[in-house]
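Q: Residue numbers (this note's numbering): 1469 to 1538.
Glycine is no exception: its CB is placed at the ideal position from the N, C-alpha and C atoms.
Right, I'll just put the structure down here and ask away after.
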Amino acid sequence: MERDYTASADCDVRFVQPYEATKFYICPGCNRDIPPGTHHVVAVPHDAPDLRRHWHRGCWDRRATRAPRR
């Protein structure tokens, strides 16, 4: 997995290649599926690695500018 440490100061960010993605995940940015074989981002908080989240790349890039969900 490719790493990008500049994306977030409070978590480790990894970019998952399509061949590495073997399971379904739900993106917290849009609440939609990330199917197997899809390039996506994994964000792992430094202080709580069990709370890692899988994001679509576009949702991850827009997370700071999106409106809060109700």
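Considering only their Cβ atoms, is the gap separating W1523 from G1505 smaller than 7 Å?
A: Numbered from its first residue, the sequence shown carries residue 1505 at position 37. Numbered from its first residue, the sequence shown carries residue 1523 at position 55. No, Cβ-Cβ distance for G1505 and W1523 is not below 7 Å.
Q: From V1510 to R1482, what distance separates their C-alpha atoms?
A: Locating residue 1510 in the sequence shown gives position 42, where the first residue counts as 1. Locating residue 1482 in the sequence shown gives position 14, where the first residue counts as 1. If you take the alpha carbons of V1510 and R1482, they lie about 5 Å apart.
Q: Any chance you could list the beta strand (DSSP E) runs of at least 3 consecutive residues sitting entirely within the segment 1470–1532, in chain order?
A: The segment 1470–1532 contains these whole beta strand (DSSP E) runs: 1479–1484, 1508–1513 and 1521–1523.
Q: Which residue's Cα is closest to the Cα of H1507: D1480, R1534 and Q1485?
A: Working through the sequence shown from its first residue, we reach residue 1507 at position 39. With distances taken between Cα atoms, H1507 lies closest to Q1485.
Q: Skipping 5 residues on each side, what residues in its chain have a beta carbon closer than 6 Å to that of D1480?
A: Counted from its first residue, the sequence shown places residue 1480 at position 12. V1512.
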